[in-house]
Every structure is written in C-alpha cells, then in structure tokens.
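So in my numbering the end of the sequence shown lands on 727, straight run, no missing numbers.
Ideal Cβ positions, reconstructed from N, Cα and C, are used throughout, including at glycine.
Just so you know, these numbers come straight off a predicted model, no measurement behind them.
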Amino acid sequence: MKKNFTPEDELLFLALGGSGEIGMNVNLYGCQGRWIMVDLGMTFSGGQYPGVDLVFADLEFIEDRAKDLEAIVLTHAHEDHIGAVPYFAADLGVPIYATPFTAELVRRKLEEADLEGEIEVHIIEEDHGKFSVGPFDITYIPLAHSIAEGNALLIETPHGRIFHTGDWKLDEDPIIGEPTTEEELTEIGDEGILALVCDSTNVFNPSPSGSEGAVFKGLLEEVQRHPGKRVLVTTFASNVARLHTLGEVARETGRQVCVAGRSLDRIIDVAQENGYLTDFPEPVDFDTAMGLPRGEVLILATGGQGEPRAALSRISEDNHPLELVPGDVVLFSSRQIPGNELSIGAVQNRLAAKGVTMVTDRQSMIHVSGHPGRPELEALYSWLRPDILVPVHGEMRHMQEQARLGIANAIPDAVVQQNGDIVRLAPGAPGKIAEVRAGRLVLDGDIIAPADGDSIVMRRRIMNEGVVIVALDDHLNPLIDSLGLPLDEDYEDFLAEARQDIATAIKRLKGKDGRSAPAVHEAARLAARRAAQRWSGKRPQVRVLLPTRLQP
176 MKKNFTPEDE LLFLALGGSG EIGMNVNLYG CQGRWIMVDL GMTFSGGQYP
226 GVDLVFADLE FIEDRAKDLE AIVLTHAHED HIGAVPYFAA DLGVPIYATP
276 FTAELVRRKL EEADLEGEIE VHIIEEDHGK FSVGPFDITY IPLAHSIAEG
326 NALLIETPHG RIFHTGDWKL DEDPIIGEPT TEEELTEIGD EGILALVCDS
376 TNVFNPSPSG SEGAVFKGLL EEVQRHPGKR VLVTTFASNV ARLHTLGEVA
426 RETGRQVCVA GRSLDRIIDV AQENGYLTDF PEPVDFDTAM GLPRGEVLIL
476 ATGGQGEPRA ALSRISEDNH PLELVPGDVV LFSSRQIPGN ELSIGAVQNR
526 LAAKGVTMVT DRQSMIHVSG HPGRPELEAL YSWLRPDILV PVHGEMRHMQ
576 EQARLGIANA IPDAVVQQNG DIVRLAPGAP GKIAEVRAGR LVLDGDIIAP
626 ADGDSIVMRR RIMNEGVVIV ALDDHLNPLI DSLGLPLDED YEDFLAEARQ
676 DIATAIKRLK GKDGRSAPAV HEAARLAARR AAQRWSGKRP QVRVLLPTRL
726 QP
C-alpha cells in the first residue's frame, strides 16, 4: 500500500467521520496540496461512553495540516453535519461556507460558545450559489431533505468534478424549498462527473422515501381521528417542512399550537428570519395550553428519540408544565434512530402506563425519511452517470450494498472506504492508497478527551465490574471498602475475609519486597480482587492507597 501520497498531483478523498457509521460526518478533499472539509458533525454517545453525551471525530490528520486547509463547507444544518463546529472550527482557523439558514444556526452556536467574530462565516445563496477556494470551485445544488436548505456540492477540480450529495432524497412535493430538477441534474451529468460521493442510509429500502406533502394528509387524518383529545406530536426539531405541515394541520383542525422544547423554539425563530414558516400559527404558552379544552390544542414537542431532558420525556415523568392524561394522544412523526430503541421504549412505556394512546409511522402515514431509497439512488445514478461511486453516510453494510447497487447500474467503479482511508480518485485507477488515524473524541464535562483514553476506559470498567478501595496504614493493616459489588447481605463477611487475605499476602513478601511500594501495592491489589471475584463473580477495579513510609 502506498504510504507517501502526494496530494499535489492527486485528487484525494478522506472521511474522518460518517463512513462505517451513521452520523458524525467529516469529509476531506485534497488537491494540489490543499484541502477542504465538507461538514463538521458530531454524534451522541447513546450510553457507549459513560457520563458522555457528545462524540466527535478525531481531526488529528487535518489539524497537523491546518495551514493547507482552505475552508469548511457545510451541506446543511443537522447536528451530525454541523454539531462539532463550535468545538473545532476556531482551532482550524479557516472560514466556513454555508447557505443562509445553516449559517444562522452556526452563528448562534458560535455565539453561545463566545466565538462569534473569531470565525468567518460566508453566506452563499442557496439557489446554485458558487464560490472558489484554492483549486476547488464549489456550487451548491439544492436537494430535498428533512431540513431547510439541504444541498449537494458540485466540486470542480483540475482532475474532474465531484458530486457530493450530503443527505438527500427525491420529493415532488417538498413543502419547503425548490430542489434541483431531473433535467438540471441530467445536464450536470452531461458535463461529466468523475465521482459521486453518496448517502447510503436507506439503501436497503426498496421503495422511494416518500413525499413530505403526503405526510400532511396522514397527520391531518390522524389528528381528526381524535376529537376532544389533547394531541401531542413529536418530530425532529430541524424538519422545517414538518413544522409547516403541523401548523397547517392545527389550522385545519381548529387547534391552537403549543411548542415545547428549546430546539423547536430556535428552529422556528431561525426559519422565520430566513423567510420560512411565515404563516406558522402564533404559539400559546404552557398555561394557556393547559387551560384550553383538550380538543383545541396541538402540542409540538421535542424528545421523539427518548432524550432524557427533552420535553416529551419530562412530560412522561410528570416533570413538565404540560400534562397528558388517559385518552390523550402522542404521534411519533419521526423515525427511530438505531441505538435509541431502549430510551424511546422507556418513554413509550411511561406514556402507556398513563393510558396515553401512541401512534408511530408504522401505523399511520405520519413520517417519511429524508434519505433516498433504492429507486431514488438508481435515478440519481442514471442522471449523473459518474465514473466512480464512493458510498458514505452509512454503516459498512449500507456502503457495501450501495457499491453493489451502483455497479449493477452501470457505474464503472465503486470504492468502499471507511473512516481513515485515503482514497485516490484521480489520476489513474481509483482506490485506497493509505490509512490515517480516525479515532473518536468525547466531550467529558468541559474537556475534549480521547474516547479510548484512561478515564473513559476506567469508567466503563467500573460501571461493569465495580471498584474496591484498599487503604494501608503505617503498619500495613488494610482498610477496605467497595462500590458496585452485589454483596448486600454478605458485605461484612466479604470485607472481613478480604482484609485477612490482603494482610496474609503482604506478610508473605520477603526481604526488601516487604518494604517496596510496588510489591506491597501489587500484593494487596491481587488479594483484594481475588476475594471480590470469589465472593461476587465480578472482577472489580482495585485502588490501593499506600503509606508514605514505603520505598518507591
């Protein structure tokens, strides 16, 4: 495998996040020794890292080459594409390019992080706006997605043109925005596409993802089905088209709108600043909503993914000013993101215990995906006719399947890569030429730390196995305590036996080992761990505190 690649004479692609996983999208393109970054997203821990909510791609590769980085180009405003901007953009020290809606959400993030003014944010008009950085000429290509101003990027380079889809779908009635037409995409294809770098999320879906316009009818019928009941709809806050639809549903059914969730408030505010949701009903406050007849209010709430601090979760726990009672209805106008099954189930079980009726997209046409099914992928292939397909935005199974689909639809080459693989797109045959570090970072409290660092590894071990603490006095007599061992009834007996085992192990040390801190530490640690395993079946972490008189 080639190790010393030379971006001066090659066109390179490198994903640091979002390839081999869904979320945390960070993509790099290199040409003539210069780089651009497409998207800078994050993902959520989902319990994988105890005590951590946010997870980021490790940007070591491009941080080491920051002087060669020209820009960060954002395709749209979902958190898995912009969420890491406040944490890393200042250190990278390059301007950000985005369309107006995305730019305003980024600006607010930077303001919250006290970074406004430190990072240039260039606003590019959404309708095929163009700009150039280094050897890259970039055009925004509007495509439908589950957020305002979803865009692909047409990236022109000396080696050929790249069509980077971002997240997308085909939608004849998108409600918000005007996506690029089949004729326009075919014309782009006529001019030649070297590589299509394409969203793989829904490649196993044999059907089109569906139109946002069709959701209006489904939601309207579902709300009309529950007269006299308080109806709550939870959806992705960023789905401006869905919010527009829900405003229309409220108007059609004679209900007042109540909005619960800071992210919903923020999206509505930014959308209206940018010319969207101009006819959205004026929301009523919580007290007014609770005072209205039950059939005259439609609540829009965050929390459809089971987020513990979101409005729906708090409502299900009776920890929110809004209340649901038996007979009320919750519509889940969103898809279940893989990894959130347990948290969503917990919220739904609490709602079920309250006697609340729940409806999901499996029961009614109240949600459509923002990602393309197989027919949409095949249509895009036929319009663009790329020489190379590079699947991204998916787990390995998604990307491998899209590669097979592309080859079956007459794309000459497909390159399946994963985070850290440097792929040469041109000149010559496309393929992987090198690997670089593509780790993960976590926001742990106020500190960004390696996801595989000692603190996270230790926390995970303590969570699974518990911890034993041994303190030795000046005479090497042990005191012992533990946390997390399943020994409630036998705890005192365990402590007594563990103390005896530790004392015996230390007494067995001969000569200078009996005065050596490392030897005493290890003897005490092993004795305590063996006692804990004998009594509980667990293998806890053991911490030994030594007296200062022992030799180092």
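Pairwise C-alpha distance: residue j and residue i
{"i": "glutamate 331", "j": "leucine 234", "result": "24 Å"}
{"i": "threonine 428", "j": "proline 402", "result": "9 Å"}
{"i": "isoleucine 299", "j": "valine 543", "result": "28 Å"}
{"i": "glutamine 519", "j": "alanine 583", "result": "According to the sequence as given, residue 519 is isoleucine; it is not glutamine. About 37 Å."}
{"i": "alanine 613", "j": "alanine 699", "result": "39 Å"}
{"i": "glycine 367", "j": "glutamate 291", "result": "40 Å"}
{"i": "threonine 420", "j": "glycine 450", "result": "16 Å"}
{"i": "cysteine 206", "j": "proline 547", "result": "29 Å"}
{"i": "phenylalanine 306", "j": "glutamate 396", "result": "45 Å"}
{"i": "proline 381", "j": "alanine 554", "result": "13 Å"}
{"i": "lysine 177", "j": "glycine 606", "result": "Annotation note: pLDDT 41 at lysine 177 (below 50); position unreliable, no value reported."}
{"i": "glutamate 570", "j": "glutamine 577", "result": "11 Å"}
{"i": "glycine 595", "j": "cysteine 373", "result": "17 Å"}
{"i": "valine 500", "j": "threonine 532", "result": "10 Å"}
{"i": "arginine 430", "j": "proline 566", "result": "44 Å"}
{"i": "phenylalanine 219", "j": "threonine 410", "result": "18 Å"}
{"i": "glycine 689", "j": "isoleucine 197", "result": "54 Å"}
{"i": "valine 269", "j": "proline 561", "result": "30 Å"}
{"i": "arginine 441", "j": "isoleucine 541", "result": "23 Å"}
{"i": "valine 534", "j": "leucine 526", "result": "12 Å"}
{"i": "asparagine 524", "j": "valine 591", "result": "40 Å"}
{"i": "phenylalanine 180", "j": "tyrosine 262", "result": "At phenylalanine 180, the pLDDT of 48 sits below 50, so the modelled position is not reliable; the number obtained from the coordinates is stated separately. The straight-line gap from Cα to Cα measures roughly 29 Å."}
{"i": "histidine 334", "j": "glutamate 185", "result": "8 Å"}
{"i": "leucine 215", "j": "glycine 502", "result": "43 Å"}
{"i": "valine 719", "j": "alanine 609", "result": "44 Å"}
Bounding residues of the beta strand (DSSP E) (the contiguous stretch that carries residue i)
{"i": "tryptophan 210", "result": "209 to 215"}
{"i": "arginine 615", "result": "615 to 619"}
{"i": "alanine 246", "result": "244 to 248"}
{"i": "aspartate 629", "result": "Segment 629 to 640 is the alpha helix (DSSP H) holding aspartate 629; no beta strand (DSSP E) there."}
{"i": "valine 598", "result": "596 to 601"}
{"i": "alanine 117", "result": "Look at the range of the chain in this structure, 176 to 727, and you will see that residue 117 is not part of it."}
{"i": "phenylalanine 306", "result": "305 to 308"}
{"i": "tyrosine 272", "result": "271 to 273"}
{"i": "arginine 489", "result": "Unbroken run through arginine 489 is the alpha helix (DSSP H), 486 to 491; no beta strand (DSSP E)."}
{"i": "glycine 335", "result": "335 to 339"}
Integer Cβ distance of residue i from residue j, believed to fall under 8 Å
{"i": "valine 598", "j": "phenylalanine 188", "result": "5 Å"}
{"i": "methionine 217", "j": "leucine 203", "result": "At roughly 17 Å, the Cβ-Cβ gap does not stay under 8 Å, so methionine 217 and leucine 203 are not in contact."}
{"i": "leucine 345", "j": "alanine 323", "result": "About 17 Å separates the two Cβ atoms, so there is no contact after all."}
{"i": "aspartate 239", "j": "glycine 208", "result": "Contact flag wrong, Cβ pair sits at about 14 Å."}
{"i": "proline 496", "j": "phenylalanine 461", "result": "4 Å"}
{"i": "valine 398", "j": "valine 424", "result": "6 Å"}
{"i": "alanine 476", "j": "alanine 486", "result": "4 Å"}
{"i": "leucine 329", "j": "arginine 336", "result": "6 Å"}
Residue i Cβ short of 7 Å to the ligand ZN heavy atom set
{"i": "leucine 187", "result": "Ligands are entirely absent from the displayed structure, and the ligand ZN is therefore not among its contents."}
Delimiting residues of the alpha helix (DSSP H) encompassing residue i
{"i": "valine 590", "result": "Where valine 590 is concerned, there is no enclosing alpha helix (DSSP H), given that its DSSP letter is neither H nor E."}
{"i": "isoleucine 444", "result": "Per the sequence shown, residue 444 should be read as aspartate rather than isoleucine. Looking at the DSSP string, the run of the alpha helix (DSSP H) that includes aspartate 444 is 437 to 448."}
{"i": "threonine 463", "result": "461 to 466"}
{"i": "leucine 517", "result": "516 to 528"}
{"i": "isoleucine 363", "result": "357 to 365"}
{"i": "glycine 557", "result": "Residue 557 is actually serine in this sequence, not glycine. It spans 549 to 559 - the alpha helix (DSSP H) in which serine 557 sits, taken as one unbroken run."}
{"i": "threonine 532", "result": "Note, threonine 532: premise wrong, no alpha helix (DSSP H); beta strand (DSSP E) at 532 to 534."}
{"i": "isoleucine 681", "result": "666 to 682"}
Beta carbon proximity, residue i to chain D, threshold 8 Å
{"i": "glycine 222", "result": "Going by chain labels, chain D is absent from the structure shown, which holds only one protein chain."}
Residue from the options whose Cα sits closest to the Cα of residue i
{"i": "threonine 376", "options": "Gly292, Asp665 and Arg549", "result": "Arg549"}
{"i": "glutamine 708", "options": "Ile443, Glu471, Pro625 and Asp676", "result": "Asp676"}
{"i": "proline 354", "options": "Met465, Gly364 and Ser321", "result": "Ser321"}
{"i": "serine 509", "options": "Leu720, Leu394 and Asp665", "result": "Leu394"}
{"i": "leucine 371", "options": "Gly341, Gly689, Leu658 and Leu517", "result": "Gly341"}
{"i": "isoleucine 655", "options": "Glu672, Glu254 and Ala589", "result": "Glu672"}
{"i": "leucine 662", "options": "Gly325, Arg336 and Ala706", "result": "Ala706"}
{"i": "valine 201", "options": "Ala246, Ala601, Gln223 and Gly222", "result": "Ala246"}
{"i": "glutamate 387", "options": "Leu369, Ile363 and Ile350", "result": "Ile350"}
{"i": "leucine 418", "options": "Ala435, Arg405 and Lys404", "result": "Ala435"}
Per DSSP, cross-strand counterpart(s) of residue i
{"i": "phenylalanine 231", "result": "Met217 and Leu616"}
{"i": "proline 317", "result": "Asn326"}
{"i": "leucine 203", "result": "Leu189 and Met212"}
{"i": "glutamine 716", "result": "Val642"}
{"i": "lysine 607", "result": "Val598"}
{"i": "leucine 407", "result": "Ile474 and Val505"}
{"i": "serine 194", "result": "Gly569"}
{"i": "histidine 654", "result": "For the record, residue 654 in the displayed sequence is leucine; it is not histidine. Beta-bridge pairing links leucine 654 to Ala646."}
{"i": "leucine 395", "result": "Looking at the DSSP assignment, leucine 395 forms no beta bridge with any residue, so it has no partner."}
{"i": "aspartate 374", "result": "Val567"}
{"i": "proline 625", "result": "Leu616"}
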